[in-house]
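A.B. asks: I'd like to ask some things about the structure below.
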Amino acid sequence: MRALVTGGTGFVGGALIRQLRRRGDEVLAVVRDRQRAGGLVELGCELVVGELPNVDLTDSLARCDAAFHAGGRYQVGIPASRRADMYRANVQSTEALLTEVERAGTPRVVFVSTVGALGNTHGQVVDETHHRPDRAYASYYDETKLLAHEAAKSAAARGVPVVIAMPGQVYGPGDHSAIGHMIEQAAAGTLRARAFPEAGVCMVHVDDLADGMLRVHDAGAIGESYVLTETCIRLGALIDRVAAISGRKPPRLTIPIGLLRALAPLGFLVGPLTGAGPNLRETIRTGDGATFWASSAKARRELGWLPRDLDTGLRELLNA
349 MRALVTGGTG FVGGALIRQL RRRGDEVLAV VRDRQRAGGL VELGCELVVG
399 ELPNVDLTDS LARCDAAFHA GGRYQVGIPA SRRADMYRAN VQSTEALLTE
449 VERAGTPRVV FVSTVGALGN THGQVVDETH HRPDRAYASY YDETKLLAHE
499 AAKSAAARGV PVVIAMPGQV YGPGDHSAIG HMIEQAAAGT LRARAFPEAG
549 VCMVHVDDLA DGMLRVHDAG AIGESYVLTE TCIRLGALID RVAAISGRKP
599 PRLTIPIGLL RALAPLGFLV GPLTGAGPNL RETIRTGDGA TFWASSAKAR
649 RELGWLPRDL DTGLRELLNA
């Protein structure tokens, strides 16, 4: 097939494109900057230069059998001044792409949402049918991804052929996220203290996620959502597991949550020093015991998706 992919220069989109090309599919990769897309050219992708929602992709979509919307922006702790950019990247870009898919008549589109759209699960492992009881957003990213998820559901209800993939916390080679850096430091024995050890995430290896996204496209039902996660774990336990696999001692110190709250007004100074965003209050809301846990039983049952377990994925990552 010929597939249009947004976010191809990113961590997740890049893994998806590699698997598409490996199985012989043609790829039109939407990129903001041609200079950053040399690897995609080497893979044989056709580049479409532009950034949603400010580029018209209707003609490109009309030539495609499928679209994968993996583009967007992820960061927790952003200041209010950057909210408009995140809204444009996560919400308006999704709305624009779905409108153009409808106009072009593209047979199928996979929207890459997130388990975070289900909200803080308060220690419970939920599934795709879970309805968050309120709009108490942990972060502005959380809010924009829920709005984009709802836009995809609305588009499906009006007949747009949308299927939704819902990844958890993605890890693997090339991960430059805060948790990716935490894993690197824990493996090297340079992580001095734990932050937010009770925060809960569901891990998924980036290559397994890419495989799951293809399965969502190939076998998922229009209008349905599919959680793509493997192990649900708290960050403190994740650090312990990485340290054990690497033969390192985990850090004995934990940064007190009270100290972080006291420093919140100085987030514009503390955030850059700790790797967090300048909006420390938002980072605390996301990390202070919140869990974003969901089961992938539906994807395993209906799509035949079989991700590697966390220990296997970490060993492969750390021994690479």
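Residue 442 in the working numbering sits at position 94 of the sequence shown, with consecutive numbering throughout. Just so it is clear, CB atoms sit at the ideal spot from N, CA and C, and this is done for glycine as well. Nothing here was measured: the structure is a model prediction, and the numbers come from that model.
1. Suppose contacts are defined by Cβ-Cβ distances below 8 Å. Is L352 in contact with C412 by that definition?
2. Closer than 8 Å by C-beta to A541: which residues in its own chain qualify, once you throw out the five before and the five after it? Chain order, please.
3. Taking the alpha carbon of G398 as the reference point, which residue from A377, T454 and A410 has its own alpha carbon closest?
4. Taking all protein chains shown into account, do 16 or more other C-beta atoms lie within 10 angstroms of the C-beta of H470, making it buried, or fewer, making it exposed?
5. Closest to P626 by CA distance: which of P521, P427, G652 and L409 is it?
6. Spatial neighbours of G507 within its chain, please: C-beta separation below 7 Å, excluding the five flanking residues on both sides.
7. So the candidates are A437, H417, E476 and Y488; which of them puts its Cα closest to the Cα of T454?
8. Just to confirm, is the Cβ distance from E578 to V552 under 8 Å?
9. Does DSSP put F359 in a helix, in a strand, or in coil?
10. What does a CB cutoff of less than 6 Å around S461 pick up in its chain, not counting 5 residues either side in sequence?
11. Could you pull the DSSP bridge partners for E374 from this structure?
12. So what does Y519 bridge to, in DSSP terms?
13. Taking the beta carbon of K646 as the centre, do at least 16 other beta carbons fall within 10 Å, making it buried, or is it exposed?
14. Helix, strand or coil for E491 per DSSP?
15. Excluding sequence positions up to five away, which residues of its chain have a Cβ less than 6 Å from the Cβ of R380?
16. Along the chain, where does the alpha helix (DSSP H) that runs through I587 open and close?
17. Check for me: the alpha helix (DSSP H) holding H417 runs from which residue to which?
18. Tell me the DSSP secondary structure of G637 in three-state form.
19. I think A437 touches G420, with their Cβ atoms under 8 Å apart; what is that distance to the nearest whole Å?
20. Quick check: the region 556-570 against the region 590-599, are at least 3 beta-carbon pairs closer than 8 Å?
C.D. replies: Quick answer:
1. In this structure, C412 lies closer than 8 Å to L352 by Cβ.
2. P599, L601, T602 and I603
3. A377
4. exposed
5. P427
6. none
7. H417
8. With respect to the 8 Å criterion, E578 and V552 are classified as neighbours on the basis of their beta carbons.
9. helix
10. H497, I512 and M514
11. R350
12. H553
13. buried
14. helix
15. E399
16. L583 to S594
17. For H417, no alpha helix (DSSP H) encloses it; the enclosing beta strand (DSSP E) starts and ends at A414 to H417.
18. Note: G637 maps to coil in three-state DSSP.
19. 5 Å
20. no
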